[in-house]
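Chemist: In UniProt numbering, the protein residues as written are 42 to 376.
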Ligand code: HMG
Ligand code: MG
């Protein structure tokens, strides 16, 4: 009886790489994105328009966006998303988007991305394939570290970004971090506070809420509690994405609980890459290989080619000199 279609957003090129100390060449990042685009993925988070002095690894996101716009997807529509914490980040993204009016036009007759809420007809004419993401957090201390301001101020800034993006015809994702545990305030994050912030962001015009277990502290029961609180606040499952880091090895358990609850959209990172610069000790997102293998085992369809993803995981982890953190990836490569 379960709808078996699941959307995976590959966050490796952003979440996976943002915390790497050694600067990764632009060509490697582009190769990663272009290889991922051939695996059946429909959603790829490609970069982040944040302050380069805070997150130097993401400072070439303009070039990445430009490359995507120069070589737009033609047959297989893929949504590429970019983070923007404030008007400055959004303006930097728009400066590039504005240079490629013709690549918008080529999309005019194309259908919108198949999953998630539908963009307006106006937005389809602009660009259905580039999305912006804002990123709030559920605790004051994490917000201070990550964004250098309080929650209220961060929401005012996001409102600007969301409204600007909607006016430009872009879909908007709104993250909320540390929803199942905060590196500074511990495990007891109030799910009602998360639901409140989610409601604010949806009212500002965000198309979906992405719940980030930044620290990987989430468990089956706390995941279930959080989703119940979201439901109690009237937030629809269709508007929720789950973003599990696997620091405590619970990401697939939490995914199973979310699937049971009716969630059909998840983030993962090839090779299990990732970590947040403002969450000490946090490791990568759940590996895309593990996620696809798990969904396949349930007979659920993500449309992603497992072998192709496993090859990319092996390649990119070697490329940046990290161990492959995907159990499934290692098993498949070792065969
Ligand atoms: P601030 O220092 O308070 O900002 O940082 P400011 O307005 O005072 O500006 C300081 C300098 O930064 C100025 O430059 C600005 O122009 C510049 P200066 O005059 O010193 O040369 N600046 C910018 N430059 C480029 N792009 C921008 C931008 N904004 C200001 N957008 C700010 C505030 C939000 C910018 C800063 O705190 C920041 O960039 N934070 C980024 C944090 C980040 O990227 N965190 C990781 C992503 S979130 C995450 O990983 C969690 C997630 O995966 C979900 C989960 O796991 O939970 C999404
Ligand atoms: Mg993350």
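Every residue, glycine too, gets a C-beta built ideally from N, C-alpha and C.
Suppose only complete runs of 4+ residues qualify. What are the alpha helix (DSSP H) ranges in the stretch 50-112, listed by chain order?
Modeler: As far as the stretch 50-112 is concerned, its whole alpha helix (DSSP H) runs of at least 4 residues are 67-77, 102-111.
Chemist: Taking only the alpha-carbon atoms, compute the straight-line gap between residue 132 and residue 188 and give it to the nearest angstrom.
Modeler: Computed Cα separation, rounded: 18 Å.
Chemist: With respect to 7 Å, is the separation between the Cβ of residue 103 and the closest non-hydrogen atom of ligand 1 below this value?
Modeler: Residue 103: no, Cβ never under 7 Å from ligand 1.
Chemist: Report whether the distance from the Cβ of residue 187 to the nearest heavy atom of ligand 2 is below 7 Å.
Modeler: No.
Chemist: Using a threshold of 7 Å, is the CB atom of residue 59 nearer than that to any non-hydrogen atom of ligand 1?
Modeler: Flag set: Cβ of residue 59 near ligand 1.
Chemist: Classify residue 46 as helix, strand or coil using the three-state DSSP reduction.
Modeler: Correct three-state label for residue 46: strand.
Chemist: Quick check on DSSP: helix, strand or coil for residue 138?
Modeler: In this structure, residue 138 counts as helix in the three-state DSSP scheme.
Chemist: Whose CA, out of 79, 45, 47, 74, lies closest to the CA of residue 349?
Modeler: It is 79.
Chemist: Ignore the nearest five residues each way along the sequence and tell me which others in residue 67's own chain have a CB closer than 6 Å to its CB.
Modeler: Within the same chain, residue 67 has close Cβ partners 101, 104.
Chemist: Nearest-angstrom Cα distance between residue 213 and residue 199?
Modeler: Going by the C-alpha atoms only, they are around 10 Å apart.
Chemist: Nearest-angstrom Cα distance between residue 310 and residue 273?
Modeler: Going from the Cα of residue 310 to the Cα of residue 273 covers about 30 Å.
Chemist: Is residue 282 closer than 8 Å to residue 331 when the C-beta atoms are compared?
Modeler: Cβ distance not < 8 Å, so residue 331 and residue 282 don't count as in contact.
Chemist: In three-state DSSP terms, what is residue 253?
Modeler: The answer is strand: DSSP assigns residue 253 an E or B state.
Chemist: State the start and end residues of the unbroken alpha helix (DSSP H) segment that holds residue 373.
Modeler: Start and end: 368-375.
Chemist: Is residue 178 helix, strand or coil by DSSP?
Modeler: If DSSP states are grouped into helix, strand and coil, residue 178 belongs with the strands.
Chemist: How far does the alpha helix (DSSP H) with residue 271 in it extend, from its first residue to its last?
Modeler: Looking at the DSSP string, the run of the alpha helix (DSSP H) that includes residue 271 is 261-273.
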